[in-house]
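> Input: one structure, supplied below.
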Amino acid sequence: MIRLNKVSLNLGKTDHSLSVQFQLPAFEVTAGEIVALTGPSGCGKSTLLNLVSGLRIADKGEIIVDGVNLMKLSPAQLDRHRGTHCGMIFQTFHLLSPFTALENVLIGLRFSDRNQKYPKKRAIDVLERVGLGDRLHARPDELSVGQRQRIAIARALVGNAPILLADEPTGALDPRTGLEIFHLLKRIAEEDNRTLLLVTHDPSIAREMPNNFDCSELIKPRELTADEEVTGS
Amino acid sequence: MNFFFMAWQYLKFRWLVSLLTISGISTGVALVCAVLALRHESEKALSRDAGLYDLVAGGKGSPLQLVLSSVYHLDSPTGNIPYKEYERIRSDPRVEWAAPVGLGDNYLGYRIIGTEKHFFDLPDREGNLFFELAEGDVFQDRFDVVLGSQVAQASGLKIGDSFFGTHGLIEVAGAEVHRDFPYRVSGILAPSGTAQDRAIFGTLKSVWEIHETEDLLHSAIQGSAIMADHKTRETTAILVRLETPGLRLWMADEIREGTDGIAAIPINEIMRFQQGILGPVQKILLAIAGVVVAVSCLTVLITLQQAAERRRRDIAILRSLGAYRREVATLVFSEGLLLTGGGILLGLLIGHGGMAIAVDYFREATGLILNPWRIPSNELYALLIMALSGALASTFPAISSYRRTPIDDLQLSE
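Top line first, the protein sequences correspond to chains A and B. Those letters in the first sequence? Residues 19 to 251, by my numbering. Those letters in the second sequence? Residues 16 to 429, by my numbering.
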């Protein structure tokens, strides 16, 4: 389902003027697998998610998702890949403030399942599934942080994307709510047989995940090219 | 969910900025609409009056003054012309219709025009009678009068009512009232949308009788010799329609050469007046309106650019959900179109609504009836140019959104 092979990406200079590079020799996840991506801050967990979603393009290597090498896709094809294959969930929810819960989910559906015949019914079904059937018309600022993350999960689910990419989905929540959200996400992924890559710092969450991938060694100081060594840049 | 709905939601979310931007655009559009529509309507209304007559003959003076006083019932007359000139012109085989205009008095500021019964036989350019009586009949007795529709409405006079004329062409406090000569209303004209609506038409004989009697009285009081050889009666102006309008230049020359007076071609004088005096004023107003619209379009550009800048995170979110670059650009562009479209529609409403409110005042002041809701073709062109300018202004932030890469903007806080 997802295979990364000899992927490298120049990430530029860090705060300490150190030029760094993301390097991943191999990474493979099968369809329906649930994996926690762990490691310290800045180790490249989010970069890995962004490479799988096509938000970042690697400099070298292969990124195969559902049999397609993302490195060979045009920007528009990458947009399409995100819409059809990836449901993204962010730490700070990334909801659109002017829109209600239902509208946020409908917007997600607008770009993920463009031929959906009954978008409103589909969006309401998904919102009910995440427990927000009674807050369809509430705007994000009228909801608790836990409810906001539920909208974000509904938005990620609504287009039936086979891959869920969750970047620290519990990071902005209190421990109890965080655990609720994690369980919801895991349960849905299992029920729907969706692939879930979940970035987390929380050891208790990582322990509950069937698979863990340690991202600690992904970012390294960048090796200079022969030209750069000559010019000293 | 379509982009216009999404754009509308964003505009509602930033309602104050949106409202201010739309207000700016609508102010410019309203100005442009009002100036263009007013110009079109006033030209049309002025031409409607001027087009009724091919020639106006009168005493020596300014041709424009002669036209304004005898056709539009504005300004002072130039002087008199012998009545026999009228008789000569009327008997000319090239003349289709001619009528004298004798001025001297007013009632409530509305001029009393002394003329003859066949004045009401004036045909319009399609060959139908121009004047239409709403009530009563044309004058039968020499002190009968026919009221223009606006006079009837303003004065409240009805058929059979009497009133006294006041000396002079405008209403002045303390002016002499001709109490020995009551007028009687015999008819009321239907509205024509011309200056005739605010005139009172009586007989020329009544004008002569009132003023000759007054002059005799004054002469007697002052002990001076009795004046007036009554055979040398005069009229203020002569209105003429020709069998062939193309002959008006020759006829005008003939009148100028054969009399002490002048002859003017109303439509030429009015066009000169519009181009010479009204034209530059309208150009200045249009230039001001153009600047306002340009500033408004710049405001759209700045507003959208700022909105797109503030919404970099939202645009990145849409891209992360699978929106194409062109789709986020379309969304930003749609916002620009809604702002511009809203501003244009509101401006149209304010511009023409303002005219609708001012139409009564305009009619009172000039006698011209304007149609405030008619949109002339040059206004449509102006609106099209403004819409295109707004669309152009919306293009820049749309391109800017198109070019952004979402990954950095996703890190931005709300």
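In this text, a Cβ means the ideal position worked out from N, Cα and C, and glycines have one as well. Model, not experiment: these values are computed from the prediction.
(1) When you compare the stretch 201–217 of chain A with the stretch 111–128 of chain A, are there three or more beta-carbon pairs, one atom per stretch, that lie closer than 8 angstroms?
(2) Can you tell me the Cα-Cα spacing of I422(B) and R74(A), whole angstroms?
(3) On the CB-based measure, 16 or more other CB atoms within 10 Å of its CB, does A240(B) come out buried or exposed?
(4) CA-CA distance, G362(B) and Q321(B)?
(5) Which residue marks the beginning of the beta strand (DSSP E) containing E111(B), and which one marks its end?
(6) Between the stretch 36–43 of chain B and the stretch 275–283 of chain B, do at least 3 Cβ pairs fall closer than 8 angstroms?
(7) Report the rounded CA-to-CA distance for L144(B) versus T251(B), giving the unit in angstroms.
(8) When DSSP labels each residue in this structure, what does E131(B) get in the three-state scheme?
(9) Can you look up N386(B) in the DSSP assignment and give me helix, strand or coil?
(10) With DSSP collapsed to three states, give me the class of I414(B).
(11) So does the stretch 139–157 of chain A actually touch the stretch 68–82 of chain A, counting three or more Cβ pairs closer than 8 angstroms?
(12) Going by DSSP in three states, C104(A) sits in which element: helix, strand or coil?
(13) On the three-state DSSP scale, how would you describe I40(B)?
(14) Are I81(A) and L67(A) close, meaning C-beta to C-beta below 9 angstroms?
(15) Can you tell me whether DSSP reads I270(B) as helix, strand or coil?
(16) Where are the beta strand (DSSP E) runs, 3 residues long or more, that stay fully inside the stretch 162–208 of chain B, in chain order?
(17) Measure from the C-beta of I5(A) to each C-beta in chain B and report whether the shortest distance is under 9 angstroms.
(18) In chain order, what residues of the same chain lie with their CB nearer than 6 angstroms to the CB of S33(B), ignoring the 5 residues before and after it?
(19) Which partner residues does R126(B) have in the DSSP bridge list?
(20) If you check the beta carbons only, do V176(A) and A119(A) fall under 9 angstroms apart?
(21) So what's T56(A) in DSSP terms, helix, strand or just coil?
(22) Check this for me: beta carbons of L35(B) and M370(B), under 9 angstroms apart or not?
(23) Taking only the alpha-carbon atoms, compute the straight-line gap between I20(A) and S416(B) and give it to the nearest angstrom.
(24) Check distances from the C-beta atoms of the stretch 332–347 of chain B to those of chain A and list, in chain order, the residues that come in under 9 angstroms.
(25) State the Cα-Cα distance for the pair E121(A) and A49(B), rounded to the nearest angstrom.
(26) Beta carbons nearer than 7 angstroms to chain A: which residues of the stretch 318–330 of chain B have them?
(27) Quick check on DSSP: helix, strand or coil for R63(B)?
(28) Among the candidates L316(B), T218(B), Y98(B), V255(B), whose CA atom is the shortest distance from the CA of P197(B)?
(29) Any idea what DSSP makes of E147(B), helix, strand or coil?
(30) In the DSSP output, which residue or residues are listed as bridge partners for V307(B)?
(31) Could you name the residues that DSSP lists as bridge partners for T213(A)?
(32) Alpha carbon to alpha carbon, how far is A22(B) from Q297(B)?
(33) For A172(A) versus L191(A), is the C-beta distance shorter than 9 angstroms?
(34) How would you write the range of the beta strand (DSSP E) that S130(A) sits in, first residue to last?
(35) Using the C-alpha atoms, what's the distance from E227(B) back to M242(B)?
(36) Name, in chain order, the residues that DSSP records as bridge partners for E249(B).
If we stick to the structure as given:
(1) These segments do not touch.
(2) Each residue's Cα considered, the two are about 7 angstroms apart.
(3) With a pLDDT of 34 at A240(B), under the threshold of 50, the predicted position of this residue should be treated as unreliable, though the coordinate-derived value follows. Counting Cβ neighbours within 10 Å, A240(B) comes out exposed, since fewer than 16 surround it.
(4) A straight-line Cα-Cα distance of about 24 angstroms links G362(B) and Q321(B).
(5) For E111(B), the enclosing beta strand (DSSP E) begins and ends at 110–122.
(6) Segments in contact, no.
(7) Distance between the alpha carbons of L144(B) and T251(B): 24 angstroms.
(8) It is coil, neither helix nor strand.
(9) For N386(B), the secondary structure class from DSSP, reduced to helix, strand or coil, is coil.
(10) For I414(B), the secondary structure class from DSSP, reduced to helix, strand or coil, is helix.
(11) Because the criterion of three Cβ pairs below 8 angstroms is not met, the stretch 139–157 of chain A and the stretch 68–82 of chain A do not touch.
(12) Strand, per DSSP.
(13) Note: I40(B) maps to helix in three-state DSSP.
(14) One thing to note: I81(A) has its Cβ no nearer than 9 angstroms to the Cβ of L67(A).
(15) In the three-state scheme derived from DSSP, where H, G and I count as helix and E and B as strand, I270(B) is classed as helix.
(16) Here the runs fully enclosed are 177–182, 192–204.
(17) Residue 5(A) cannot be examined here, being either before or after the span of chain A that is shown, 19 to 251.
(18) Setting aside the 5 residues that flank it on each side, S33(B) is surrounded in the same chain by L26, each with a C-beta closer than 6 angstroms to its C-beta; the list follows chain order.
(19) Bridge partners of R126(B): N121(B), A214(B).
(20) Using a Cβ distance threshold of 9 angstroms, V176(A) and A119(A) do not count as a contacting pair.
(21) In the structure shown, T56(A) falls within a strand segment according to DSSP collapsed to helix, strand and coil.
(22) No; because the gap between Cβ atoms is not below 9 angstroms, this pair is not in contact.
(23) Going by the C-alpha atoms only, they are around 30 angstroms apart.
(24) So the close ones are I332, L333, R334, S335, L336, G337, A338, Y339, R340, R341, E342.
(25) One alpha carbon belongs to E121(A), the other to A49(B), and they sit about 41 angstroms apart.
(26) The residues in question are D329.
(27) If DSSP states are grouped into helix, strand and coil, R63(B) belongs with the helices.
(28) Ranking the options by Cα distance to P197(B), first place goes to T218(B).
(29) Reduced to three states, the DSSP call for E147(B) is coil.
(30) DSSP, once it has assigned bridges, lists no residue as partnering V307(B).
(31) As computed with DSSP, T213(A) is found in a beta bridge with I181(A).
(32) Here the C-alpha atom of A22(B) lies approximately 37 angstroms from the C-alpha atom of Q297(B).
(33) For the 9 angstroms CB-CB criterion, A172(A) and L191(A) do not form a contact.
(34) Secondary structure note for S130(A): it is in no beta strand (DSSP E), and the uninterrupted alpha helix (DSSP H) holding it is 119–130.
(35) Residue placement at M242(B) is poorly supported in this model, since its pLDDT is 39, which falls under 50; the coordinates are not used for a value here.
(36) Partner(s): P97(B).
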